[in-house]
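Just below is one structure, and these are the notes that go with it.
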Amino acid sequence: MAVHNADIAAAFEEIADLLELGDENPFRIRAYRNAARVVGGLSLDLAARLAEGGELPKLPGIGEDLSAKIGEIAATGTCKLLEKLRGRFPAGITELLRLPGIGPKRVRALHEARIDSLEDLRRAARAGQLPALPGFGEKTAQRIQDAAQAQLGAARRFKLAVAAQYAEPLAKHVDGVVAGSYRRMKETVGDLDFLVVSDDPEKATARLIGYPEVREVLARGTTRSSVRLASGIQADLRVVPPTSFGAALHYFTGSKAHNIAVRKLGIARGLKINEYGVWRGERRIAGETEQSVYAAVGLPYIEPELRENQGELEAARVGALPRLVRLDDLRGDLHAHTRATDGRASAREMALAAKAAGLQYLAITDHSRRLAMARGLDSRRLEKQMDEIDDLNGELSGIALLKGIEVDILEDGALDLPDSILRKLDLVVAAVHSGFKLSRARQTERILAALDNPCVHVLAHPSGRLIGERQPYDVDMLAVMRKARERGLALELNAHPDRLDLNEVHCRMAKDEGVPVAIASDAHGTDGFGVLRYGVGQARRGWLEKKDVLNARPLAELRRWLARASAKAKR
DNA sequence: GCCGTTTTCGGCCCGACTGTTTTCAGTCG
Numbered sequence: 005m006a007v008h009n010a011d012i013a014a015a016f017e018e019i020a021d022l023l024e025l026g027d028e029n030p031f032r033i034r035a036y037r038n039a040a041r042v043v044g045g046l047s048l049d050l051a052a053r054l055a056e057g058g059e060l061p062k063l064p065g066i067g068e069d070l071s072a073k074i075g076e077i078a079a080t081g082t083c084k085l086l087e088k089l090r091g092r093f094p095a096g097i098t099e100l101l102r103l104p105g106i107g108p109k110r111v112r113a114l115h116e117a118r119i120d121s122l123e124d125l126r127r128a129a130r131a132g133q134l135p136a137l138p139g140f141g142e143k144t145a146q147r148i149q150d151a152a153q154a155q156l157g158a159a160r161r162f163k164l165a166v167a168a169q170y171a172e173p174l175a176k177h178v179d180g181v182v183a184g185s186y187r188r189m190k191e192t193v194g195d196l197d198f199l200v201v202s203d204d205p206e207k208a209t210a211r212l213i214g215y216p217e218v219r220e221v222l223a224r225g226t227t228r229s230s231v232r233l234a235s236g237i238q239a240d241l242r243v244v245p246p247t248s249f250g251a252a253l254h255y256f257t258g259s260k261a262h263n264i265a266v267r268k269l270g271i272a273r274g275l276k277i278n279e280y281g282v283w284r285g286e287r288r289i290a291g292e293t294e295q296s297v298y299a300a301v302g303l304p305y306i307e308p309e310l311r312e313n314q315g316e317l318e319a320a321r322v323g324a325l326p327r328l329v330r331l332d333d334l335r336g337d338l339h340a341h342t343r344a345t346d347g348r349a350s351a352r353e354m355a356l357a358a359k360a361a362g363l364q365y366l367a368i369t370d371h372s373r374r375l376a377m378a379r380g381l382d383s384r385r386l387e388k389q390m391d392e393i394d395d396l397n398g399e400l401s402g403i404a405l406l407k408g409i410e411v412d413i414l415e416d417g418a419l420d421l422p423d424s425i426l427r428k429l430d431l432v433v434a435a436v437h438s439g440f441k442l443s444r445a446r447q448t449e450r451i452l453a454a455l456d457n458p459c460v461h462v463l464a465h466p467s468g469r470l471i472g473e474r475q476p477y478d479v480d481m482l483a484v485m486r487k488a489r490e491r492g493l494a495l496e497l498n499a500h501p502d503r504l505d506l507n508e509v510h511c512r513m514a515k516d517e518g519v520p521v522a523i524a525s526d527a528h529g530t531d532g533f534g535v536l537r538y539g540v541g542q543a544r545r546g547w548l549e550k551k552d553v554l555n556a557r558p559l560a561e562l563r564r565w566l567a568r569a570s571a572k573a574k575r
């Protein structure tokens with residue numbers, strides 16, 4: 005059973021939770037949480053590296069002890085400390101920590117009253133036992149009871165595109181900007197953070213509370229308030245004076261780990277950084293803009309998508325920040341469907357919509373025959389579509405159509421259409437749409453075999469995940485990347501907000517491995533190109549620059565790349 | 001548990017809101 009970085013991170017999180025329940029040194033607990041975050045966000049597979057006899061890289065905040073624990077968990081799936089801590093508390097008690105309004109102190113109080121699970125908690129709440137516990141009053145007890153019953157423990161996160169539908173109108177309503185993980189373009193958003201500049205906080209707060217979608221006011225203070233919207237999403241509002249705008253925006257954009265790291269840099273320079281500014285003693289020396297905050301600690305501006313304390317501060321210090329790809333860098337789109345299969349528009353309509361979206365080329369890549377549900381194309385229908393595209397290219401100006409296919413990778417790694425027809429296309433995108441449950445070894449072997457087919461140019465949605473719905477299939481992504489590199493192929497970053505696949509970690513891996521990434525809309529209708537902005541957001545979180553993105557190249561250059569990939573295959 | 005152009009020991013980000021705790025702890029972001 006392979007141990008993944010996510011498993012190591014989960015073990016460290018659980019250790020942190022259990023140490024917290026044991027009232028251990030908070031800085032030791034923080035060290036474990038930090039290690040969980042660092043390991044979880046790493047593109048290098050640590051267990052695989054160790055299994056090959058390699059060394060662990062030097063990781064920030066991970067010293068001798070945590071390195072040894074990584075080795076232990078990589079080898080055995082667990083570690084002695086974790087097992088010892090698990091023995092100290094009943095199984096499942098950490099789920100209580102996930103409830104809003106409950107932290108380690110109250111979980112301990114519950115534990116002492118023999119309340120050790122969500123089920124125990126519901127029973128005790130119904131029996132009216134909670135208010136009598138130390139540190140609990142009527143209101144706390146009621147809040148916890150509501151949360152336990154509503155299963156709020158499984159903190160709900162919203163896909164970025166869904167959050168956008170709530171965030172943007174509300175930002176307009178309160179005349180503020182959205183900060184938080186939304187601004188960092190994280191693929192899912194837990195709550196919405198709004199920042200309003202005003203010398204009249206009362207008025208700004210009243211506007212939030214008066215928003216028609218507000219269902220519940222969770223907190224209401226002089227500068228900060230929180231509400232829950234009808235959709236279930238929580239919105240937090242902060243009001244600051246104009247002189248503090250930059251410091252506040254920086255603070256509320258996060259991430260928390262990035263902010264802590266920046267504040268530490270401040271401390272080293274004798275500065276205090278909070279949401280009101282950068283302070284030397286009583287004097288504010290910066291804070292009107294985010295740039296001024298970074299400048300105060302000797303750094304250039306850092307883009308929000310990079311602010312995860314995953315190396316961006318070190319890169320900033322040595323002038324090595326990436327110049328992140330932008331939406332307007334995209335010249336074309338390499339994955340779109342038409343009515344011929346499961347799309348909703350004709351090739352002509354899609355071409356015009358792509359042109360209107362500012363693109364210069366669009367690959368038509370309908371499904372292949374195996375995907376019967378989508379009326380996938382066989383060779384005969386594909387030939388017909390190719391003729392249609394030739395005609396359209398003769399007729400349309402300002403947009404070029406590429407003849408392509410999204411061909412299924414069958415379970416044995418063969419492609420769903422014969423090479424004889426695939427060779428006639430401009431672009432072949434290969435994709436897995438079945439057999440998600442294959443073992444890691446078989447899945448990897450299957451995909452590597454498909455990438456060895458000389459006709460293939462791009463691997464679509466490489467992990468197969470659907471955010472919040474379907475786990476990625478188990479595949480050795482590093483092996484896939486190395487094969488793509490060897491063959492001169494690209495990997496797709498499918499920009500559909502349900503997919504965002506490659507994820508940010510794999511984007512960074514692709515960059516490190518020198519594999520170009522195609523940011524593709526997978527549009528099924530003329531309104532399908534708007535999602536490219538989410539793909540670009542994810543690419544930016546993965547440190548990708550214009551030069552790393554295949555479809556940021558002009559058409560002539562793309563054609564040369566496609567020809568080279570094909571020529572390489574023929575050798 | 002980590003870490004060092006003040007330190008190998010003694011620090012470790014900072015502030016707001018709530019509820020119950022009569023002066024502040026717990027939780028959250």
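Using the numbering used here, the first residue of the first sequence is number 5, and each one after it goes up by one.
Even for Gly, the Cβ is constructed at its ideal location relative to N, Cα and C.
As a quick exercise: from the options, pick the residue whose alpha carbon is nearest that of residue i.
i: alanine 52; options: Asp502, Leu482 and Asp516; result: Leu482
i: arginine 162; options: Ala239, Arg224, Ala145 and Gly107; result: The question names arginine, yet the displayed sequence has phenylalanine at residue 162. Out of Ala239, Arg224, Ala145 and Gly107, Ala239 has the C-alpha closest to the C-alpha of phenylalanine 162.
i: isoleucine 403; options: Asp391, Ala569 and Ile368; result: Ile368
i: arginine 311; options: Met189, Ser296 and Gly81; result: Met189
i: alanine 15; options: Asn38, Ser235, Pro30 and Glu286; result: Asn38
i: valine 42; options: Phe31, Ile66 and Ala20; result: Ile66
i: leucine 455; options: Val433, Ala445, Arg474 and Leu442; result: Val433
i: alanine 344; options: Asp27, Glu318 and Leu375; result: Leu375
i: valine 260; options: Glu410, Leu442, Asp478 and Ala183; result: According to the sequence shown, residue 260 is lysine rather than valine. Checked all of Glu410, Leu442, Asp478 and Ala183; the closest Cα to lysine 260 is Ala183.
i: aspartate 179; options: Val244, Arg90, Ala167 and Gly141; result: Val244
i: alanine 378; options: Thr342, Asp197 and Asp395; result: Thr342
In the DSSP assignment, find the unbroken alpha helix (DSSP H) run with residue i in it and report its ends.
i: glutamine 314; result: No alpha helix (DSSP H) contains glutamine 314, which DSSP labels as neither H nor E.
i: threonine 121; result: The residue you asked about is not threonine; residue 121 is serine in the sequence shown. Serine 121 -> no alpha helix (DSSP H), and no H or E assigned at all.
i: valine 43; result: 30-44
i: isoleucine 289; result: Segment 287-290 is the beta strand (DSSP E) holding isoleucine 289; no alpha helix (DSSP H) there.
Report the rounded CA-to-CA distance for residue i versus residue j, giving the unit in angstroms.
i: alanine 494; j: glycine 258; result: 32 Å
i: glycine 472; j: arginine 557; result: 33 Å
i: glycine 408; j: alanine 351; result: 12 Å
i: glycine 250; j: lysine 388; result: 57 Å
i: leucine 164; j: glycine 302; result: 32 Å
i: glutamate 220; j: tyrosine 365; result: 48 Å
i: serine 71; j: isoleucine 33; result: 16 Å
i: glutamate 24; j: asparagine 9; result: 22 Å
i: histidine 215; j: histidine 177; result: According to the sequence displayed, residue 215 carries tyrosine and not histidine. Straight-line Cα distance between these residues: approximately 8 Å.
i: glycine 270; j: glutamine 314; result: 18 Å
i: lysine 268; j: aspartate 195; result: 26 Å
i: alanine 560; j: arginine 327; result: 23 Å
i: valine 462; j: alanine 358; result: 20 Å
i: serine 401; j: leucine 431; result: 21 Å
i: proline 94; j: valine 535; result: 45 Å
i: leucine 566; j: glutamate 410; result: 16 Å
Use the C-beta contact count for residue i: other C-beta atoms within 10 angstroms, 16 or more gives buried, fewer gives exposed.
i: leucine 50; result: buried
i: proline 422; result: exposed
i: phenylalanine 31; result: exposed
i: tyrosine 255; result: buried
i: alanine 173; result: Here residue 173 is proline; the residue named in the question, alanine, does not match the sequence. Exposed, by the Cβ-count rule.
i: isoleucine 289; result: exposed
i: valine 509; result: buried
i: threonine 226; result: exposed
i: arginine 512; result: buried
i: aspartate 21; result: buried
i: leucine 562; result: buried
i: isoleucine 413; result: buried
i: serine 229; result: buried
i: valine 479; result: buried
Starting from residue i, trace the beta strand (DSSP E) both ways and give me its first and last residue.
i: isoleucine 66; result: Run containing isoleucine 66: none; DSSP gives neither H nor E here.
i: glutamate 220; result: 218-224
i: glutamine 238; result: 238-244
i: aspartate 505; result: Careful: aspartate 505 lies outside any beta strand (DSSP E) and carries neither H nor E.
i: isoleucine 523; result: 521-524
i: serine 230; result: 228-233
On the DSSP bridge assignment, give the partners of residue i in chain order.
i: tyrosine 365; result: Gly336 and Ala404
i: phenylalanine 198; result: Val182 and Leu241
i: alanine 434; result: Val411 and Leu463
i: glycine 281; result: Asn278
i: lysine 163; result: Thr192
i: alanine 494; result: Val462
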